[in-house]
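These protein sequence lines map, in sequence, to chains G and D.
In my numbering, each number is its position in the first sequence, counted from 1, plus 25.
In my numbering, each number is its position in the second sequence, counted from 1, plus 1364.
For every residue, glycine included, the Cβ atom is placed at its ideal position computed from N, Cα and C.
Below is one structure, written out as structure tokens, with a few remarks after it.
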Amino acid sequence: MADIIDTAPSAEAEERTVATPLSRRSIKWNVVGDHVILIIGSLFMLVPVFLVFMTASYDQITIHREGMQWTMGDQLGKNFHDAMFERGGFTDTVDGMRMLTNSMILGVGFAVGKIIISMLAAYAIVYFRLKFATFAFWVIFTTLLLPLEVRILPSYEVIQSMGLINTYTGLIVPLIASATGTFFFRQFFRSVPEELVEAARIDGAGPVKFFIDILIPLSRTMIAAIFIIMFVFGWNQYLWPTLITTEEGFFTLVRGIRQIVQTYNDSAIPEYGQAMALAIIAMLPPVLIVIFFQNWFVKGLTESDI
Amino acid sequence: MKRAVFSNPWLPILILTPQLAIIAVFFYWPAGFAIHSSFYLQDPFGFGSTFVGMTNYTDLATSSEYVRVAWFTLIYTALVTFFSLAIALLLAVKADNVLRGAKTYRTLLMWVYAVAPPVAGLMGLMLFDQGTGPITQLFAQFGWEFKLGVNYWDTATAMVIVAVWKQVPVNFIFFLSGLQSIPKSVREAALIDNRSASGRFWDVIFPLLAPTAFFLLIINITYALFDTFGVIDTLVQGEPGNNPMTLVYKVFVDGFRGNDLGGSSAQSVVLMLLVLLLTVFQFRLMERRIHYT
């Protein structure tokens, strides 16, 4: 296995040079052109965030006067410290730590809830002889049609009438009401070889034992991939938390961005440095997860068609 | 369905219940509620509502503002979709070409996927700042006086650029994985037949990528319509006023600022129909997709 991976690129390189017997020079220019475009693309992605990071190291008066900064200042530590632990920067009663905790609760709660609920539903649909299976399938998959943004006002009214405003339940559970996870696990379960179920049944394993001892271990990679995608999705929610959490104690980091933007407009000089620091903190966890678990994440994304 | 092996009568119902219950309460109830209230006019003081038939819908069709927002949404969606697909395709083709540093480029080009739209919007707010924004200053060099939040089309430009920036990574990931799944033998055969790299790309590689591109087209339209809410809300700084906005943003503004439940619900229903159309279209394409591969 390792051998194949090691030799593949060099073999390809060799074949390309053999197959295009043009002058060495022109080949090189092609390659240089490719790299130039890729570097420009990478800079397009990177520079805005680089500027935010650099700007986060200045005091607010400098930023107010000169805008974003290209060099490192000396206020980085102070800005991050204030953003995390000082109350009343952009909100009156919460600090960055509290918002970070809330973001974690939303991201992890959403991902775990979604995985459990959709795995169970997909298991029922794929592995059981069920009279209304087709009906259940359509009831669940119609939800793919309507993103939360479209039915936002009625959803809000429903949550309000249930008294779930400013609760974690009201924040997380309505977001779970869509079929993406179920759809994905259904696809995956159907690709599991049928012989496994037969073998398990012959050995006397019931549905519960089969699920816990065979199907869950088999789905490990898929669960990880879905977890990453769902965590990022939950962490980055904006509209729903904006409506559901009016009490600052429930603010997430991304929800906190709205407070920053509102102060941005006021006549007083806002705490720009802190704002940039908060933006960095809001970006960091999902970005790190996506970078470190890249392979799982890409696999999950491209195979599930979410 | 071929599988269905366990015939336990109560277990499947038990494990389906959580999903069905959540969907019933948080999806079907609100959706039904939206359709219901789109036929009613709410009393402004909260005392009941009266049945008004199709009035909310005809009001929409005749409202010049709604028509204007709909046109803007169309242009915005087309621009965001086109540019994020084109840039991502170019980058994916190049990333697939290079042998050195391919993995590094992949990482550098995809991580923005994880940045929240409003965070991207906040960055846009600083970058396009009227006085000090680096991009505003760059535009000024070319004689373009950029006024975010004041000039309608300037604000729209910023919205498109930020939305594209945020969407390129997703398209890049899909295009790259599509390119990498093209069999080597096909590439080799193409190499023998056609010397020109661009000729090979448009005649052989691009048609093979078409299913991915179709799929991404739908994903991008949906993104531009619904998921750019955070970008728009931050860039117009919560002050819609004369600023450009999309249909989804208008549902929010009318419903929560204007307290117009009926009108906002009618808009929701219109969007539901739009999504329904897109989904039917998508299923058609998925059938063709299976045909291709």
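**Study point:** Interface partners of threonine 207 of chain G on chain D, CB under 8 Å
**Key:** In the first sequence, the residue the question calls residue 207 of chain G occupies position 182. Result: Gln1383.
Exercise for review: Tell me, please, whether the CB atom of tryptophan 1393 of chain D is closer than 8 Å to any CB atom in chain G?
Suggested key: Here residue 1393 of chain D refers to the residue found at position 29 when the second sequence is read from its first residue. True, the Cβ-Cβ gap to chain G drops below 8 Å.
Exercise for review: Check distances from the C-beta atoms of the region 1588 to 1622 of chain D to those of chain G and list, in chain order, the residues that come in under 8 Å.
Suggested key: Phe1590, Asp1591, Phe1593, Gly1594, Asp1597, Thr1598, Gln1601, Gly1602, Glu1603, Val1612, Val1615, Phe1616, Gly1619 and Phe1620
Exercise for review: Tell me, please, which residues DSSP counts as bridged to serine 1413 of chain D.
Suggested key: Here the question's residue 1413 of chain D lines up with position 49 in the second sequence. Answer is D/Gln1406, bridged to serine 1413 of chain D.
Practice item. Drop a sphere of 10 angstroms on the beta-carbon of alanine 1425 of chain D, count the other beta-carbons inside from all chains shown, and report buried for 16 or more, exposed for fewer. Key: Residue mapping note: residue 1425 of chain D aligns to position 61 of the second sequence, counting from 1. The residue is exposed, with fewer than 16 neighbouring Cβ atoms inside 10 Å.
Practice item. Please go through the same chain and pick out, in chain order, the residues whose beta-carbon is closer than 7 Å to the beta-carbon of aspartate 84 of chain G, but skip the five residues on each side of it. Key: Position 59 of the first sequence holds residue 84 of chain G. Excluding positions up to five away in sequence, the list reads Gln100 and Gly298.
Exercise for review: Express the C-alpha separation of aspartate 1567 of chain D and glutamine 1646 of chain D in angstroms, rounding to a whole number.
Suggested key: As a working mapping, residue 1646 of chain D is identified with position 282 in the second sequence. As a working mapping, residue 1567 of chain D is identified with position 203 in the second sequence. Answer to the nearest angstrom: the Cα atoms are 25 Å apart.
Review point. So which residues on chain G does phenylalanine 1397 of chain D lean against when the C-beta distance must stay under 7 Å?
Key: Taking the second sequence and counting its residues from 1, the one referred to as residue 1397 of chain D is at position 33. Residues of chain G passing the Cβ test: Pro179, Glu182 and Val183.
Exercise for review: Inspect the CB distances between the region 1539 to 1547 of chain D and the region 1456 to 1467 of chain D and report whether three or more fall short of 8 Å.
Suggested key: yes
**Study point:** phenylalanine 153 of chain G - DSSP class collapsed to helix/strand/coil
**Key:** The residue you call residue 153 of chain G lines up with position 128 of the first sequence. Phenylalanine 153 of chain G falls in the strand class under three-state DSSP.
Practice item. Work out the CA separation of glutamine 94 of chain G and phenylalanine 2 of chain G for me, nearest whole Å. Key: The question about residue 2 of chain G has no answer, for chain G in this structure spans 26 to 331.
Check your understanding: Considering only residues of the same chain and omitting the five flanking positions on each side of isoleucine 248 of chain G, which have a CB-CB separation below 7 Å?
Key -> Against the first sequence, residue 248 of chain G aligns to sequence position 223. Cβ within range, chain order: Ile140.
Review point. Applying the criterion that 16 or more other CB atoms from any shown protein chain within 10 Å of the CB defines a buried residue, is threonine 277 of chain G buried or exposed?
Key: In the first sequence, counting from the first residue as 1, residue 277 of chain G sits at position 252. Buried, since its Cβ has 16 or more Cβ neighbours within 10 Å.
Review point. Quick one: which chain D residues come within Cβ less than 7 Å of tyrosine 148 of chain G?
Key: Translated into positions along the first sequence, residue 148 of chain G becomes position 123. Those are Ile1379, listed as they occur along chain D.
Practice item. With DSSP collapsed to three states, give me the class of phenylalanine 1370 of chain D. Key: Numbered from 1 along the second sequence, position 6 holds the residue referred to as residue 1370 of chain D. The answer is strand: DSSP assigns phenylalanine 1370 of chain D an E or B state.
Exercise for review: Would you check if the distance between the CB atom of valine 1615 of chain D and the CB atom of leucine 200 of chain G is smaller than 8 Å?
Suggested key: Numbered from its first residue, the second sequence carries residue 1615 of chain D at position 251. Numbered from its first residue, the first sequence carries residue 200 of chain G at position 175. Not closer than 8 Å, so no.
Exercise for review: State the Cα-Cα distance for the pair asparagine 320 of chain G and serine 1448 of chain D, rounded to the nearest angstrom.
Suggested key: If you number the first sequence from 1, residue 320 of chain G lands on position 295. If you number the second sequence from 1, residue 1448 of chain D lands on position 84. Straight-line Cα distance between these residues: approximately 23 Å.
Exercise for review: Determine the extent of the alpha helix (DSSP H) in which serine 1448 of chain D is found, giving its start and end residues.
Suggested key: Translated into the one-based positions of the second sequence, residue 1448 of chain D becomes position 84. Note, serine 1448 of chain D: alpha helix (DSSP H), 1428 to 1461.
Review point. Do you know offhand how far alanine 1588 of chain D's Cα is from phenylalanine 153 of chain G's?
Key: Walking along the second sequence from the start, residue 1588 of chain D turns up at place 224. Walking along the first sequence from the start, residue 153 of chain G turns up at place 128. Approximately 39 Å, taken between the alpha carbons.
Check your understanding: By Cβ distance, which residues of its chain are closer than 7 Å to threonine 1414 of chain D, with the 5 residues on each side in sequence left out?
Key -> Walking along the second sequence from the start, residue 1414 of chain D turns up at place 50. Answer for threonine 1414 of chain D: Tyr1404 and Leu1405, listed in chain order.
Check your understanding: Which residues in the same chain as isoleucine 1525 of chain D place their Cβ atom closer than 6 Å to its Cβ, once the five residues preceding and following it in sequence are excluded?
Key -> Taking the second sequence and counting its residues from 1, the one referred to as residue 1525 of chain D is at position 161. For isoleucine 1525 of chain D, where only same-chain residues beyond five positions count, there are no Cβ hits under 6 Å.
Exercise for review: Could you tell me whether any Cβ in chain D is nearer than 8 Å to the Cβ of glutamate 91 of chain G?
Suggested key: For the purposes of this step, residue 91 of chain G is taken as residue 66 along the first sequence, with counting starting at 1. Yes, its Cβ sits closer than 8 Å to a Cβ of chain D.
Exercise for review: For my contact list, valine 1612 of chain D and phenylalanine 1590 of chain D are in at a C-beta cut-off of 8 Å; report their separation, rounded to the angstrom.
Suggested key: As a working mapping, residue 1612 of chain D is identified with position 248 in the second sequence. As a working mapping, residue 1590 of chain D is identified with position 226 in the second sequence. With a Cβ gap of about 5 Å, valine 1612 of chain D and phenylalanine 1590 of chain D count as contacting.
Exercise for review: Below 8 Å on the Cβ atoms is my guess for glycine 1497 of chain D versus glycine 92 of chain G; work out the distance and round it to an integer in Å.
Suggested key: Here the question's residue 1497 of chain D lines up with position 133 in the second sequence. Here the question's residue 92 of chain G lines up with position 67 in the first sequence. Correct: roughly 6 Å between the Cβ atoms.
Check your understanding: On the three-pair Cβ rule with 8 Å, is the region 219 to 239 of chain G touching the region 195 to 209 of chain G?
Key -> no
Exercise for review: Please list the partners that valine 119 of chain G has in chain D, where partner means a Cβ-to-Cβ separation under 8 Å.
Suggested key: Counting from one through the first sequence, the residue named residue 119 of chain G turns up at place 94. Result: empty, since nearest Cβ-Cβ is about 17 Å, beyond 8 Å.
Review point. Going along the region 1564 to 1588 of chain D in order, which residues come within less than 8 Å of chain G, judged by CB to CB distance?
Key: Phe1579 and Thr1586
Practice item. Just the C-alpha distance for alanine 225 of chain G and alanine 202 of chain G, rounded to the nearest angstrom, thanks. Key: In the first sequence, the residue the question calls residue 225 of chain G occupies position 200. In the first sequence, the residue the question calls residue 202 of chain G occupies position 177. Approximately 33 Å between the Cα atoms of the pair.
**Study point:** asparagine 104 of chain G: first and last residue of the uninterrupted alpha helix (DSSP H) it sits in
**Key:** The residue given as residue 104 of chain G occupies position 79 in the first sequence. Counting along the chain, the alpha helix (DSSP H) containing asparagine 104 of chain G begins and ends at 101 to 110.
Review point. Grouping DSSP H, G and I as helix and E and B as strand, with all else coil, what is proline 46 of chain G?
Key: As a first step, residue 46 of chain G must be located in the first sequence, where it is residue number 21. Confidence in proline 46 of chain G is poor, its pLDDT being 49 and thus under 50, which makes the residue's placement unreliable; the coordinate value appears in the next sentence. Of the three classes helix, strand and coil, the one that applies to proline 46 of chain G here is coil, per DSSP.
**Study point:** Three-state secondary structure assigned by DSSP to glutamine 1505 of chain D
**Key:** Position 141 of the second sequence, counting from 1, holds the residue named residue 1505 of chain D. Of the three classes helix, strand and coil, the one that applies to glutamine 1505 of chain D here is helix, per DSSP.
Check your understanding: So, do the region 1458 to 1475 of chain D and the region 64 to 84 of chain G have three or more beta carbon pairs nearer to each other than 8 Å?
Key -> yes
Practice item. Identify the contact partners of proline 242 of chain G in chain D, using a Cβ-Cβ distance below 7 Å as the criterion. Key: The residue labelled residue 242 of chain G in the question sits at position 217 within the first sequence. Near proline 242 of chain G there are no residues of chain D at all, since even the closest Cβ is about 18 Å away, more than 7 Å.
Exercise for review: Ignore the nearest five residues each way along the sequence and tell me which others in methionine 147 of chain G's own chain have a CB closer than 7 Å to its CB.
Suggested key: As a working mapping, residue 147 of chain G is identified with position 122 in the first sequence. Per the sequence presented here, residue 147 of chain G reads as alanine, with methionine not at that position. Within the same chain, alanine 147 of chain G has close Cβ partners Thr207, Phe210, Arg211 and Phe214.
**Study point:** Neighbour flag for phenylalanine 258 of chain G against chain A, beta carbons, 8 Å
**Key:** In the structure shown, chain A cannot be found, because the protein chains are G and D.
Exercise for review: For phenylalanine 1492 of chain D, I'd like the list of residues in its chain whose CB is within less than 6 Å of its CB, leaving aside the five on either flank, ordered along the chain.
Suggested key: On the second sequence, position 128 is the one that residue 1492 of chain D refers to. If we look at phenylalanine 1492 of chain D and ignore the five residues flanking it on each side, its Cβ neighbours are Ile1499, Thr1500, Leu1512 and Ala1522.
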